[in-house]
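Note that numbering that gives the first Met the number 0 has the sequence shown beginning at 0, numbered continuously upward.
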Amino acid sequence: MIPISQPVIDERTEGLVLDVLRSGNLAAGRVVAELERHFSEVAGTKHAIAMSSGTAALETVMELTLRPGQAIVTTPFTFAASVSSALRAGLEVRLVDIDDNFNLDASHLEEAIDPRTAAILPVHMFGRPCDMATIGRIATDRQLILIEDAAQAIGSSHGGRPVGSWGVGCFSLYATKNVTSAEGGVVTTDDDFLADGLRTLVNQGSPTRYQYSMIGTNRRMTDIHAAIAIPQLESLDELTKKRRDNAHVLSEGLSGLPGLITPGDTPGHVYHQYTVRVTPAAPIERSALQALLTRQGIGSETYYPRLIHDYPTYSSNSNLVARDTPRARRLVSEVLSLPVHPGLNESDLARIIESVRQGFGY
Ligand SMILES: *Cc1c(COP(=O)(O)O)cnc(C)c1O
C-alpha cells in the first residue's frame, strides 16, 4: 500500500527522542527552544512560539489580537480548525470564494469588509502560497490584522518572502503535515509585544513563576514532541525539494488525460498535497477512480469532502456568514489528493500514474 502521507522518522529521530526521555526534562525546555529557532529561521521572523497544536496556535492568536463581535474573513474550502478557532473566539466568520488554486480569491475580499471586519485569514491550501502581495496590501489599506493559516505550508513563500512572515503565521506539526512532531503548532511574528503575550497566554498567563499577568491556559509543546520534528526541520529544503520533484513527475505523467486537471505549479508551492480535479468531462467519476486506486493499493483522499457551511453544525451557527461561493462549490466535488510525500520512490510514482491513466482508459 502506498499511503497518502508518511512521517519522516529515522534513527536519528529515535535517538533524539530517547535523549529527551533519558534527560529527565520531558516538558518544554532546550529542545522546544531549538525548534523555535528553526521556525523563526524558516519563516524569517524575529519570534516563533511553539504550542501544543496548530489549532492552539490559531486560537491563541485570535484570543489575543481580536475581540468577540469582530469579524474575520476566510474561505469555506479549508480544514474545520480555521473556522472553529474563530467561532470559539466569539468572532463572526465571513466565508468568501476561492480561486482555481483552492486559495482565497482576493477579488472577493472587499465585499466582506465593513467596519466590524478586523482580520483576514488566508489559508495556504495544500502548501501553495496565497497571493500575499495583494492580500497584504488590502490588510494594510483597511487596517486589518493578517493571520496566515500556514498549517500546511512550512517552507512555502510568495515572491521570495516566506509564509508566516506576511502576517501572524500559524503552523501545524500534526502527524500528516510536511513536518511533524506528532501534535504541535507554532506561531511566527516580528511583533515583540504579541510574542510576549502569546508565550504568556499558553503558559498559564505566567511570565515568571507564580506571577500571573493574565488568565492563561496550558497549550505548551513538550521536548519529546519537539525532538521528533528537529531532524525534519534540519533537512526541510531537501524534503520540500523531493515533494516538488514528485509533483512534477506526477504532472508530467498525468498530462493529456481528458477532464483531469493537474495542479499548476507556483513558485514557493511546497505540495503538502498533490490535488487533481476530476471534472465532469472525465470518463470516470471521482469515487470510481478512488475505488480503483484503493484496489490497487494506492492511498488517496478527498480534501475536503464538504465546504464548511455544508455542515449543519457550522451553518446553524449564527456567527457564520457564507455568501454564494460557486467556485468552492464546484471544486469540492472534483478534488482528489494523490500521494506526493518524500517517502515515494520512482516505482511508486510510476504505479500512481499508471493506475490513474488506467482509470481514464489510457
Ligand atoms: C492541520 C490544519 C490545522 C490544525 O492544525 P492541528 O495541528 O491539527 O491542530 C488548521 N488549519 C489547516 C488548514 C490545517 O490543515
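C-beta: ideal position from N, C-alpha, C; glycine also.
query, result
"Rounded to the nearest angstrom, what separates P178 and R36 at their Cα positions?", "According to the sequence displayed, residue 178 carries Val and not Pro. One C-alpha to the other measures close to 15 Å."
"Assuming Y303 contacts F76 (C-beta within less than 8 Å), just tell me the rounded distance between them.", "6 Å"
"In chain order, what residues of the same chain lie with their CB nearer than 8 Å to the CB of L253, ignoring the 5 residues before and after it?", "L259, T261, V275, I352, V355 and R356"
"For the putative contact between A118 and I146, defined by C-beta atoms under 8 Å, what is the C-beta separation to the nearest angstrom?", "6 Å"
"Please output, in chain order, the residues near ligand 1 using a CB cut-off of less than 6 Å to any non-hydrogen atom of the ligand.", "S52, G53, T54, T77, F78, A80, S81, V122, D148, A150, Q151, S171, Y173 and G184"
"Assess, as a yes-or-no matter, whether the segment 50–63 is touched by the segment 25–39 under the definition of 3 or more beta carbon pairs within less than 8 Å.", "no"
"With a CB to CB cut of under 7 Å and the five nearest residues on each side skipped, what residues in its chain are close to P341?", "V7, L238, K241 and R242"
"Taking all protein chains shown into account, do 16 or more other C-beta atoms lie within 10 angstroms of the C-beta of K176, making it buried, or fewer, making it exposed?", "buried"
"Alpha carbon to alpha carbon, how far is E333 from Y173? Give it in angstroms, no decimals.", "26 Å"
"Answer yes if the segment 91–98 comes into contact with the segment 65–72, meaning at least three C-beta pairs across the two stretches below 8 Å, and no otherwise.", "yes"
"When the Cα atoms are used, what is the spatial distance from G14 to L319?", "46 Å"
"So is H46 buried or exposed if we call it buried at 16+ other beta carbons inside 10 Å?", "buried"
"Do you know offhand how far Y313's Cα is from L86's?", "9 Å"
"Counting along the chain, where does the beta strand (DSSP E) carrying R136 start and finish?", "Unbroken run through R136 is the alpha helix (DSSP H), M131 to D140; no beta strand (DSSP E)."
"Only counting runs of 4 or more residues, tell me where the alpha helix (DSSP H) segments fall wholly within the segment 15–58, in order along the chain.", "29–42"
"Let me check one thing: in DSSP terms, what residues is D148 bridge-paired to?", "V122 and C169"
"Of the choices P114, Y270 and S250, whose alpha-carbon is the least far from that of P128?", "Y270"
"So, are the CB atoms of D104 and D113 less than 8 Å apart?", "no"
"Roughly how many angstroms lie between the CA atoms of T74 and A290, to the nearest whole one?", "29 Å"
"Use the C-beta contact count for Y273: other C-beta atoms within 10 angstroms, 16 or more gives buried, fewer gives exposed.", "buried"
"Alpha carbon to alpha carbon, what distance is there between V122 and S155?", "12 Å"
"Sorted by chain position, which residues of the same chain lie with C-beta nearer than 6 Å to G168's C-beta, five sequence neighbours on each side aside?", "A42, E147, A149 and T187"
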